[in-house]
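Numbering (the working numbering), first residue to last: 1 to 312.
We put the CB at the ideal spot given by N, CA and C, even for glycine.
Every value quoted in this text rests on a predicted model; they were computed, and no experiment measured them.
Have a look at the structure below, then the notes.
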Ligand code: TXA
Ligand code: MG
């Protein structure tokens with residue numbers, strides 16, 4: 001395995017049905033040819049991902065969406081507004097998308113990522129890329145090439161370097177049902193932004209059919225994480241070495257403090273969240289505490305990830 005910025009190397013592996021880790025603006029993805037069942041099967045193996053968890057298909061432009069799916073008028077509105085960007089649109093799939101990609105569903109999640117390296121790669125390939133986050137199933141998503149290397153370095157031939165992810169949380173997932181527009185996962189585009197374009201939407205962040213981004217326990221560090229008022233929580237763990245993730249300022253003394261955004265900016269806090277969870281796992285802290293972010297905009301997605309990371 002190596003980390004590098006050589007697009008031709010990445011293209012060669014991908015054309016041969018191998019997986020390559022790629023940067024996106026949200027998190028790093030574990031990418032493979034979405035039109036090849038063989039390539040897609042290796043994604044599931046490397047991630048140890050259950051086959052019932054569908055993959056997102058990454059494309060280079062809105063024009064490509066119609067090759068792989070049947071977008072409706074509302075889908076075009078959000079694609080035009082938010083692509084390239086952290087929004088996945090769930091649409092009726094066309095036959096060229098293998099069932100393995102969608103876990104047998106009749107719909108496929110499409111996304112055009114807003115990252116120069118990912119876009120250039122997609123423009124040079126004759127096929128779209130299926131890519132889940134490049135982490136072992138259930139663990140925290142990677143936001144640097146080094147995060148990918150630490151866990152999957154031995155299982156993949158190449159990691160394409162693209163710097164630190166600018167959004168830092170996965171894409172928002174939106175779908176269209178008879179009852180209206182549904183958000184299945186909170187993420188890089190806020191509910192408020194989507195409602196400005198489509199009007200009122202409903203949230204279905206858990207329930208059936210259950211998608212693993214919706215599992216109560218997901219995005220989780222190995223150590224126990226407790227979310228809430230850190231002052232009150234601290235008193236519950238007198239013997240523990242505490243690592244505390246603060247939103248904008250350090251309010252208690254502890255062995256390992258991390259402040260997500262000293263200026264109290266939601267976007268900055270989102271960008272730093274997953275790296276903070278990994279840093280805590282790698283520190284000598286025995287228990288992790290975290291404060292919630294203000295529950296507006298991308299703050300809701302931050303709190304969603306904290307809540308899932310704290311479930312066992
Ligand atoms: O930001 C992202 O979306 C990143 C980057 C790499 O693009 N990808 C990502 O993929 O987060 P992953 O596999 O970790 O999460 C994909 C989730 C699934 O767990 C499921 O919840 C949802 O996308 N999904 C995919 N296809 C779907 C479909 N047809 N219907 C409903 N949900 C779907
Ligand atoms: Mg994931």
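So who's on the other strand from residue i, going by DSSP bridges?
{"i": "residue 29", "result": "22, 133"}
{"i": "residue 288", "result": "225, 243"}
{"i": "residue 197", "result": "In the DSSP output, where bridge partners are listed per residue, residue 197 has none listed."}
{"i": "residue 266", "result": "Per DSSP, none; premise fails for residue 266."}
{"i": "residue 160", "result": "4"}
{"i": "residue 256", "result": "243"}
{"i": "residue 37", "result": "Beta-bridge pairing links residue 37 to no other residue."}
{"i": "residue 177", "result": "180"}
{"i": "residue 92", "result": "107"}
{"i": "residue 69", "result": "93"}
{"i": "residue 87", "result": "172"}
{"i": "residue 203", "result": "183"}
{"i": "residue 191", "result": "The partner list for residue 191 (beta bridge, DSSP) is empty, contrary to what the question assumes."}
Taking a contact to mean a Cβ-Cβ separation below 8 Å, would you say residue i touches residue j in this structure?
{"i": "residue 218", "j": "residue 138", "result": "yes"}
{"i": "residue 63", "j": "residue 110", "result": "no"}
{"i": "residue 112", "j": "residue 26", "result": "no"}
{"i": "residue 188", "j": "residue 160", "result": "no"}
{"i": "residue 78", "j": "residue 87", "result": "yes"}
{"i": "residue 74", "j": "residue 176", "result": "yes"}
{"i": "residue 148", "j": "residue 134", "result": "yes"}
{"i": "residue 243", "j": "residue 288", "result": "yes"}
{"i": "residue 184", "j": "residue 173", "result": "yes"}
{"i": "residue 223", "j": "residue 307", "result": "no"}
{"i": "residue 300", "j": "residue 191", "result": "yes"}
{"i": "residue 20", "j": "residue 247", "result": "no"}
{"i": "residue 140", "j": "residue 312", "result": "no"}
Write down the C-beta distance between residue i and residue j rounded to the nearest angstrom, noting that I regard them as a contact closer than 8 Å.
{"i": "residue 43", "j": "residue 55", "result": "7 Å"}
{"i": "residue 40", "j": "residue 100", "result": "5 Å"}
{"i": "residue 107", "j": "residue 93", "result": "6 Å"}
{"i": "residue 37", "j": "residue 98", "result": "5 Å"}
{"i": "residue 310", "j": "residue 225", "result": "4 Å"}
{"i": "residue 297", "j": "residue 266", "result": "5 Å"}
{"i": "residue 182", "j": "residue 201", "result": "7 Å"}
{"i": "residue 60", "j": "residue 122", "result": "4 Å"}
{"i": "residue 252", "j": "residue 152", "result": "About 35 Å separates the two Cβ atoms, so there is no contact after all."}
Examine ligand 2 and report whether any of its heavy atoms sits within less than 7 Å of the Cβ of residue i.
{"i": "residue 132", "result": "yes"}
{"i": "residue 61", "result": "no"}
{"i": "residue 141", "result": "yes"}
In chain order, what residues of the same chain lie with their CB nearer than 6 Å to the CB of residue i, ignoring the 5 residues before and after it?
{"i": "residue 245", "result": "258, 276, 290"}
{"i": "residue 386", "result": "Beyond the ends of the chain as shown, which are 1 and 312, falls residue 386; an answer cannot be given."}
{"i": "residue 2", "result": "none"}
{"i": "residue 167", "result": "25, 26, 86, 188"}
{"i": "residue 144", "result": "164"}
{"i": "residue 65", "result": "71, 110"}
{"i": "residue 270", "result": "168, 169, 298, 302"}
{"i": "residue 5", "result": "161"}
{"i": "residue 261", "result": "248, 268, 269"}
Closer than 7 Å: is that where the CB of residue i sits relative to any heavy atom of ligand 1?
{"i": "residue 221", "result": "no"}
{"i": "residue 53", "result": "yes"}
{"i": "residue 180", "result": "no"}
{"i": "residue 314", "result": "Residue 314 cannot be examined here, being either before or after the span of the chain that is shown, 1 to 312."}
{"i": "residue 158", "result": "no"}
{"i": "residue 27", "result": "yes"}
{"i": "residue 226", "result": "no"}
{"i": "residue 171", "result": "yes"}
{"i": "residue 277", "result": "no"}
{"i": "residue 175", "result": "yes"}
{"i": "residue 105", "result": "yes"}
{"i": "residue 185", "result": "yes"}
{"i": "residue 56", "result": "yes"}
{"i": "residue 109", "result": "yes"}
{"i": "residue 86", "result": "yes"}
{"i": "residue 128", "result": "no"}
{"i": "residue 102", "result": "yes"}
{"i": "residue 113", "result": "yes"}
Considering only residues of the same chain and omitting the five flanking positions on each side of residue i, which have a CB-CB separation below 7 Å?
{"i": "residue 115", "result": "23, 24, 25, 162"}
{"i": "residue 103", "result": "51, 52, 53, 54"}
{"i": "residue 303", "result": "292, 293, 295"}
{"i": "residue 72", "result": "176"}
{"i": "residue 237", "result": "287"}
{"i": "residue 84", "result": "112, 113, 114, 119"}
Quick one: does the C-beta of residue i sit closer than 7 Å to a heavy atom of ligand 3?
{"i": "residue 23", "result": "Ligand 3 is absent from the structure shown, which contains only ligand 1 and ligand 2."}
With a CB to CB cut of under 8 Å and the five nearest residues on each side skipped, what residues in its chain are close to residue i?
{"i": "residue 48", "result": "136, 137"}
{"i": "residue 17", "result": "32, 33, 36, 38, 39, 42"}
{"i": "residue 180", "result": "200, 201, 202"}
{"i": "residue 11", "result": "121, 124, 125"}
Could you tell me whether the Cβ of residue i comes closer than 8 Å to any Cβ of chain D?
{"i": "residue 236", "result": "In the displayed structure, chain D is absent; only one protein chain is listed."}
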